[in-house]
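Chains E and R, in that order, give the protein sequences.
Position 548 (the first sequence) corresponds to 548 in the UniProt record's numbering; numbering is contiguous.
Position 452 (the second sequence) corresponds to 452 in the UniProt record's numbering; numbering is contiguous.
Glycine included, each C-beta is placed from N, C-alpha and C at the ideal position.
This report concerns only the one structure given below.
Number of protein chains: 2
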Amino acid sequence: MRSPVQQYLDDVHAGLVDELGGSTKSKNPELAQADPMMFGMAITTADGYTYASGDADVPFSIQSISKVFGYALALQDRGFVYMDERIDVEPSGDPFNEISLDAETGKPKNPLINAGAIAATAQIRSTTKKSAFDRILEVCSAAAGRELELNQKVYEYDRDTGKRNRALAWLLASSEIIEGDPIQAFDDYSRQCSISVTTKDLSVMAATLANLGTNPITGQDVFDTEVVQRVLSVMLTCGMYDDSGDWVSTVGLPAKSGVGGGILGALPGQLGLASFSPPLDQHGSSVRGLRAYKQISTDLELHFVRTSKAGLSTIRTQTTVDKYPSTVRRPDAAKEVLEEYGHKAHVIEVMGDLLFSGAEVVSRTVTNLDSDSVCVVLDMSRTDEIPDVSVDTLSRLSEVLADEETALGLVDPHDRLDGLRVPLDMEVKAFGTRNAALEWAEYKVLKRYGSPECFPASSVKEYPLLSVLSDEAAETIRAELVDETYDDGEVIRKIGQVFDGLWFISSGRIETLTAEEKGKRRRLALLTPGMTFGESALDERTHQVATIRAVTPVKVKHFSKESIEKVTREHPEVMVEFWRAVAAEAMSLVSSPSPS
Amino acid sequence: MRSPVQQYLDDVHAGLVDELGGSTKSKNPELAQADPMMFGMAITTADGYTYASGDADVPFSIQSISKVFGYALALQDRGFVYMDERIDVEPSGDPFNEISLDAETGKPKNPLINAGAIAATAQIRSTTKKSAFDRILEVCSAAAGRELELNQKVYEYDRDTGKRNRALAWLLASSEIIEGDPIQAFDDYSRQCSISVTTKDLSVMAATLANLGTNPITGQDVFDTEVVQRVLSVMLTCGMYDDSGDWVSTVGLPAKSGVGGGILGALPGQLGLASFSPPLDQHGSSVRGLRAYKQISTDLELHFVRTSKAGLSTIRTQTTVDKYPSTVRRPDAAKEVLEEYGHKAHVIEVMGDLLFSGAEVVSRTVTNLDSDSVCVVLDMSRTDEIPDVSVDTLSRLSEVLADEETALGLVDPHDRLDGLRVPLDMEVKAFGTRNAALEWAEYKVLKRYGSPECFPASSVKEYPLLSVLSDEAAETIRAELVDETYDDGEVIRKIGQVFDGLWFISSGRIETLTAEEKGKRRRLALLTPGMTFGESALDERTHQVATIRAVTPVKVKHFSKESIEKVTREHPEVMVEFWRAVAAEAMSLVSSPSPS
C-alpha cells in the first residue's frame, strides 16, 4: 500500500519544485555547476525507516553541515570544559564567514560559524595513522550508516582559494585557540566540508542526532547523549546563520544548512530530516529547503514547544481493593474485613512515558492519600519510558511511604523500576501481574485489621469450591480426591494438554504462565491453598491455555477425569452442584468489573 | 504525607541559600534595598499545583520579565506580520540595555532587549478607558491568577531616571518603529517593569505559558497557542541576555530574568518555574536563580532535547483475528473460515500520545500489510493525546485503505478520532470496545470468504450452548424454555438482580452495559442470536454485574430458575451436562489469551 507519509512528502516536494528563487552562483566551480532544479527531501524516523522524495540519491558536498559533526567529535574527544575554554556557544547574529572572535579572549562566538568550526576541527585528536579529517569522515560515515567519501575537486578548490578561512586559522593560532599547525586545521576543515553525501545520507545522520547519538539503522553508538544535547542546542540557536532567531520561532527544531544546498534537521526522539536544493538565499541557505522545513514543521507540529510532553494523563485509574479486588477467593471473614478496610489499600495505574512531570503527578497523588493507608500499589505495566529522574522521584516517594509505615507494591512486569532505591527497612514488593499485587495488598489489609480466620492457612483442608456444595455432595467428591505432591519449580500442567480433571491446592503456591514469548513467560496469576486449576481445559474442543507450575513444594488433591465420570454416573445430582459451582466461579472471574 | 517533590525543592533551596555571590547594587534605591539573603523558589505544574520553598511569598518588581507579557499582548493585538515588521527575533548577544537597532531599518534585534520591549509595548492597543499599561497589568494578572499591582516607588524612580530608555524610545520614534508618543511608550514600559509579583505568582505565570496560554488554575485563556509558541521560542534564544547560548546548552528551557531578582522559566506542556533572589551577576541575572535553574534542569531532565517525545513504542500489539478472536461463538463453518482467512483481518493496538512520529509508525505498519487485507482494526482505546496532525495522517491513511478496498475499524471509546475525514464510499466503523470491533472484523472476513452457513441467522433455532449437549439433554431443556419478547431499548436485566435462570437469544441484538460512571455507561459486549445471558448472577452470593438491554426488537427463550430446579430434580444427568457446558463456556472467556 502507498504510505500516506510518503504521499505527504511527495506533495510537499511537488508544491515547492517550482519555487525558482535563490541563486547557485558560487566561486567554487563545482558548486556553481549544480543543477538549480535538483530537489531532494528525506525523513528518517527514530527507528530507522527512511522516506525520500525527488533527487534524494544525488550526491552533493556537505559543506557547513559538517561543522555539527566536527564539533561533536571534538567534544567527545576533549570534553566540555576544554572546548568551552576555546569556543563559545553564543548566537552570533553574523554571517557565516564573519570573523566573530571575542575582542578580549579571541574565542569564536560559536562552533557553527567558520571561525568556531575551524577551531573545533583543530581540537580533534589525530594519530600517525589517522588525521583529524579521517576521524571526521569516520564519524560522518557512522552517522550515515555507510562509507562516505571526499569530493576531491570541491576540496582542492576550497583548499586553493580559501584565503579567508586561512586568515581565520591564523587568527585563531595567534590567540592560541589553535595550538597546533593552523594550516593543518584549515586543511582538515576544507576536507570535512567536501565530504559527499546524498539527501538520504543526511536524513540518517540527522536521525542519529535525533536518536541522541545512536544510528537507528546500524545501532552503532556514534556520540554520547550529553554531546548530542549540546550539539542540538547549539544547532537550534546558531545553526541557521543570521536567520537563527526567526528559525527558532517559525520552525523550532535544531538544524544546520550548508552552501552545498543541504539542510539537516533533527527532532529529538522523533525524526531526522534532510533537504537538498542548490539555489541559496543571501544567507547561504537553500531556498526550497527553508520553505520545505517551514511547511513540514507547521504541518506536522514539529516545533519544540509543541513536541514537549504533556504530563496530565499519567494516572490512568485510581482505586482501592474494596472496589477492585483481586480474583483470589477468600473466607467470609476476610471478605468482611476487606469490605470495611479495603479503602486503605490503594491501587494507582500509571501510563505513558513517566517524565518528571508525570512522576510529580504520581507522587502528589500518593502523598495526598490518608496517612493511615496500609499500602499503595503502583501499577507500572502500562508505562513506557521511565527516565532516571523519575526513578529518583519514586525513590524519594518510597522514603516518604517508609516514614508513614505504608508498604509499596509495584506491578512492574517490564522491570522498568530496577533502579529504585528504597529504605532498607521498608517493605517494597514487585509483582509481574496486577492480580498478584492486589492479592498482596489485600493480605496487608487483612494482616492489619483481620482475625486469624481471615487467612488461608499455608495448608487447607477446606476448599471454597467444595464449601458452597451441600454436605453430601462435598463428601462424595472429597472421597474421590487423590493426593499428589510436586517439587518447587515442577510443571504440573502444560499448555495444550487436554482436560484431565481438576486439582485442589492443599498447600504451597502455584503460578500460571502464558506461552513463551521472546523467551520470556509471563505469570498470569499466583494460586494459593484452597484454589483450583485444570478447569481451563474443560471445553473439550479447547486445551489447557496456561502452564501450571509449582513455585514452592506443593500438595494438591486431584479430582481426575475418571473420578468425574464415575461420580457423574453414580451421583449425577452431586455433579450438578459441582459444575454449577465451577460455572459460578468462572463467571465471577469473567465479570470482574474492570476499572477502565 | 510529605511530598518528595516538595522535599526536592527544599533540598535545592537549602543547597543554594549559602551561595553569596552577586551584588544588589542598583541605582534604583528600591532595588538596592533588597535583602540579599532573600531566596524563593516555586514550581507550578501544568495542571495547576504549586510547590514553593523559601521566600516565595515576598513581593518584588517583575522588571524585564514583563517584556515577555508585553510582547505577547502586542502579538495578540497586532499579529505576527505587523510585529515582525517592527521588531526582529534575532539573538543579540548584547547586554540588555544595548541600543541594538538594525543599522538600516532601525528595528530592535529582539523584543527582550530594552529597545525591543519598549517598541513592543508601544504597539499594544489602548482605549480612552484603558492605557497600554492597564492592559499589560490585566494580562499579567490573568496569567498569575490574581490582581497584581504596581510598585509606585519603583515606577517613579525608573520614570524619573530612565534616561537611556527615553533615548531608546526617541530613537525608535525617529525610525518610525514607534508611531505614537514615545514618552507614553516609555512611561507604559516603566510601569510594566514595576509590577509587583511574588515567586509563586511568577511560577503560575510561567505555568500559563507552559500550558500554551491557558492559566492552569483559573482556566482562563490568556494567550493564543501561536503567540505562546513564538514567545517561548524568543525566550529560549534571547531570554537570558548575553548568556543565552550557554543557557540553551545547559538549561535548555525558555526563560526570562529580571533585575528585580526574578527568573521565570517554562517547560512547555509540563511546568512553570520561578526563582527570586536579589543578588545579580554582571549580566543582571540572579546568581542563586541561575544556579537553581541549572541544577533543576539537570536533575529533572528538563532540557528540551530530553523532553521531546519518543515515538518508538506507539504500537502495543499487532495481531490478526485468527490469533486473537472475538468472544463471539460461531458455527463450525465460520470457525474454519476464520482459521484459514482470519490473518487477513488485522488488529493494531496503539498506545500513548500519538504525535506525528507515532502516527507515522501506525501508517507505516498499516501500509506494510498485504494489499489483499480484508480490514484493519485500530484500537485507540489506550491512546492519550491525538493532535490534529495525526488525525490528518490517519485521514490520509483511510484514503489509502479505501483505494485498496480494505475496511477500517476503530476502537475509539474516548472519541479521540472524531475529526477523522474518510472517503464517502469507504467503510469505516467506530466501536466502543475492542470485542465489538473484533466481531465486526470477523464478520468482514466471513462475508468475503464464508458460505451462508457461516452466519448466525438474524434468528436462530439452535443454540451453541445446547448443541454441545447430548440430544436427550438438549431436548429436555428445550422443552422448558419459555418465549419472551422485548422492545428496542428495553432493559431485560439490571445490575444487582439475583439469579433468575438463563436466557437464549433467538433474534435481535442485545448489549451488556457497565454501571453508570459519570453519567455514561460503557458497552461491554454485543450479544447476537444463539448467545446466552443471565449466568453472571449464577453465584448466589453475587448478583447480576451488567445491565442487559435490547438494542433491536428481541426474542429470547427463558430457562427460568424454577425450570432449572425442576430439571435438576427430575433429570440431574441433564443438568450435569448443562452446567459443565456453561462452566466450559465461561472458562473459555476467562482464559482468552490476551495479546499483551
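Item	Value
Just reading off the beta strand (DSSP E) that G260/E is part of, what are its end residues?	Run containing G260/E: none; DSSP gives neither H nor E here.
Output the distance between the C-alpha atoms of M351/R and V391/R, rounded to the nearest integer angstrom.	15 angstroms
Can you have a look at P29/R and say buried or exposed, based on whether 16 or more other CB atoms are within 10 angstroms of its CB?	exposed
Roughly how many whole angstroms lie between the Cα atoms of L438/E and T365/E?	19 angstroms
Helix, strand or coil: how does DSSP classify G54/E here?	strand
May I have the straight-line CA-CA distance separating L20/R from P111/R, to the nearest angstrom?	31 angstroms
Give a yes or no on whether the minimum CB-CB distance between A310/E and chain R is below 8 angstroms.	The predicted position of A310/E is uncertain, since its pLDDT is 49 and thus under 50; no value can be drawn from it.
Contact criterion: CB-CB distance below 8 angstroms. Does C299/E meet it with respect to chain R?	One detail in the question is off: residue 299/E reads as Asp in this sequence, not Cys. Judged by the 8 angstroms Cβ criterion, D299/E is in contact with chain R.
Looking at the unbroken alpha helix (DSSP H) that takes in M235/E, where does it start and where does it end?	225-238
Given that a residue counts as buried once 16 or more other Cβ atoms are within 10 Å of its Cβ, and exposed if not, what is S470/E?	exposed
Enumerate in chain order the residues of its own chain whose CB-to-CB distance from V428/E is below 8 angstroms, with the five nearest sequence positions on each side excluded.	S398, A407, L408, G409, L410, L420, V422
I want to verify the contact list: residues of chain E whose CB lies under 7 angstroms from the CB of V389/R, in sequence order.	D299, L300, E301
Between T393/E and chain R, is there a C-beta pair that is closer than 8 angstroms?	yes
Alpha carbon to alpha carbon, how far is S175/R from E104/R? Give it in angstroms, no decimals.	10 angstroms
Under 8 angstroms by Cβ, that's how I've got V231/R and S64/R pegged, so tell me the actual separation to the nearest angstrom.	Between S64/R and V231/R the Cβ distance is about 14 angstroms, and since that is not below 8 angstroms, they are no contact.
I'd like the span of the alpha helix (DSSP H) that includes V81/R, first residue to last.	80-86
Less than 8 angstroms separating the beta-carbons of A546/E and S536/E?	yes
Which one or two residues does DSSP pair with P108/E in a beta bridge?	L101/E
Rounded to a whole number of angstroms, what is the C-alpha to C-alpha distance between Q220/E and E147/E?	14 angstroms
Considering just the uninterrupted stretch of the beta strand (DSSP E) at F559/E, what are its terminal residues?	554-559
Within the continuous beta strand (DSSP E) that includes R382/R, where are the two ends?	375-383
Report the residue from S23/E, E138/E, V251/E, G269/E whose alpha carbon sits nearest the alpha carbon of Q295/E.	V251/E
For the alpha helix (DSSP H) that G289/R lies in, which residues bound it at each end?	287-299
In this structure, does DSSP put M41/E in helix, strand or coil?	strand
Could you work out which residue in A402/R, A436/R, K323/R, M1/R is closest to M426/R when comparing CA atoms only?	A402/R
Which of helix, strand or coil does DSSP assign to F276/E?	strand
Going by CA-CA distance only, name the one from R159/R, K163/R, P91/R, A206/R that's closest to A142/R.	A206/R
Say whether chain E places a C-beta atom closer than 8 angstroms to the C-beta of residue 603/R.	Residue coverage of chain R in this structure runs from 1 to 596, which leaves residue 603/R outside it and unanswerable.
May I ask you to report which of helix, strand or coil DSSP gives S26/R?	coil
How would you call D370/E, buried or exposed, if buried means at least 16 neighbouring beta carbons within 10 angstroms?	exposed
Closest Cβ-Cβ distance between M575/E and chain R: below 8 angstroms?	yes
On the three-state DSSP scale, how would you describe K256/E?	strand
Let me know if Y82/R comes out buried or exposed under the rule of 16 or more other beta-carbons within 10 Å of its beta-carbon.	exposed
Three-state secondary structure (DSSP) at D403/R?	helix
For chain R, check one thing: does any of its Cβ atoms lie closer than 8 angstroms to the Cβ of S591/E?	Confidence at S591/E is low in this model, with a pLDDT of 49, below 50, so the placement of that residue is unreliable and no value is reported for it.
In chain order, what residues of the same chain lie with their CB nearer than 6 angstroms to the CB of A474/R, ignoring the 5 residues before and after it?	L466
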